[in-house]
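Residues 36 to 96 in this note's numbering are what the sequence shown spells out, letter by letter. Contents: one structure, followed by commentary.
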Amino acid sequence: MSMILSASVVRVRDGLPLSASTDCEQSAGVQECRKYFKMLSRKLAQFPDRCTLKTGRHNIK
Numbered sequence: 036m037s038m039i040l041s042a043s044v045v046r047v048r049d050g051l052p053l054s055a056s057t058d059c060e061q062s063a064g065v066q067e068c069r070k071y072f073k074m075l076s077r078k079l080a081q082f083p084d085r086c087t088l089k090t091g092r093h094n095i096k
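What follows is the structure, encoded as structure tokens:
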């Protein structure tokens, strides 16, 4: 069963974060996913409307 561990809302045009983080999970895997998401959020305009990034056990959708 899947569970949401972290959620972020960013503006696609420039990657500007539009929400504050209230994440409870602090595991190394989730921290790694957040790092990838920050990097990807700056380049979202280059990707299709919907995609998934798989990072080990975690997925960024």
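Positions of the beta carbon are idealized from the N, C-alpha and C atoms, including for glycine.
Rounded to the nearest angstrom, the gap between the Cα atoms of Cys68 and Val44 is 14 Å. Our two residues, Leu51 and Gln81, have alpha carbons roughly 15 Å apart in a direct line. The secondary-structure analysis by DSSP pairs Leu88 across a beta bridge with Ile95. Here Thr87 is near Lys96, since their CB atoms are less than 7 Å apart.
Here DSSP, grouped into helix, strand and coil, assigns Val45 to strand.
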